[in-house]
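Taking our numbering, the leading residue of the sequence shown gets 23, the next gets one more, and so forth. These notes concern the structure reproduced below.
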Amino acid sequence: MQSGPKKALFGLTLSQIDDVVRELDLPKYIAKQIADWLYKKDITDIDQMTNLSKKVRDKLSESFEMGLSLPVNVQESKDGTKKYLYPALNGKFIETAYIPDRERHTLCVSSQVGCKMGCLFCMTAKQGFQGSLSAGA
Numbered sequence: 023m024q025s026g027p028k029k030a031l032f033g034l035t036l037s038q039i040d041d042v043v044r045e046l047d048l049p050k051y052i053a054k055q056i057a058d059w060l061y062k063k064d065i066t067d068i069d070q071m072t073n074l075s076k077k078v079r080d081k082l083s084e085s086f087e088m089g090l091s092l093p094v095n096v097q098e099s100k101d102g103t104k105k106y107l108y109p110a111l112n113g114k115f116i117e118t119a120y121i122p123d124r125e126r127h128t129l130c131v132s133s134q135v136g137c138k139m140g141c142l143f144c145m146t147a148k149q150g151f152q153g154s155l156s157a158g159a
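Printed below as a string of structure tokens:
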């Protein structure tokens, strides 16, 4: 039984998922099934991994969660720019911005909590640099 916060599955490599499967004493082939659900199929919950038995999904859910975050806020300006605010660790937030232009579109994706760029429109920059995000974050 897990004590403390659950660990995130999203962002783990196949090798790390192999470790999870071994830690939970599950058959090795399940690692590939989990990886397929995480990175090839559009799911948001462990219970949606329907080729895993309910017993396996329950065991996985005891210690792990998907690790996906939905935006807590979305703002859209008149020019079509959209800012998405996502929760990060330690009560901080990260921001993603979609900026349309006539001939191109720009997507600004946070790879860090906080930022050194100092863009005035960006909440992430206002936090000051806190550190880099993991691949899953």
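For every residue, glycine included, the Cβ atom is placed at its ideal position computed from N, Cα and C.
- DSSP places Glu125 in the coil class of the three-state scheme, outside both helix and strand.
- With 16 or more other CB atoms across the displayed protein chains lying within 10 angstroms of its CB, Phe86 is buried.
- Rounded to whole angstroms, the Cβ separation of Cys130 and Ala119 is 4 Å, and the two are in contact under 8 Å.
- One alpha carbon belongs to Lys28, the other to Gly113, and they sit about 17 Å apart.
- Look at the beta carbons and you see the stretch 87-98 touching the stretch 28-38: at least three pairs across the two are nearer than 8 Å.
- Look at Ser154 here: in three-state DSSP terms it is strand.
- Closest by C-alpha distance to Ser91, out of Ile121, Leu46, Val42, Phe115, is Phe115.
- When DSSP states are grouped into helix, strand and coil, Gln149 belongs to the coil group.
- Sorting Gly136, Pro109, Lys100 by C-alpha distance to the C-alpha of Pro122 places Lys100 at the top.
- Between the C-alpha atoms of Cys137 and Gln97 there is a straight-line separation of about 20 Å.
- Boundaries of the beta strand (DSSP E) around Leu107: 104-109.
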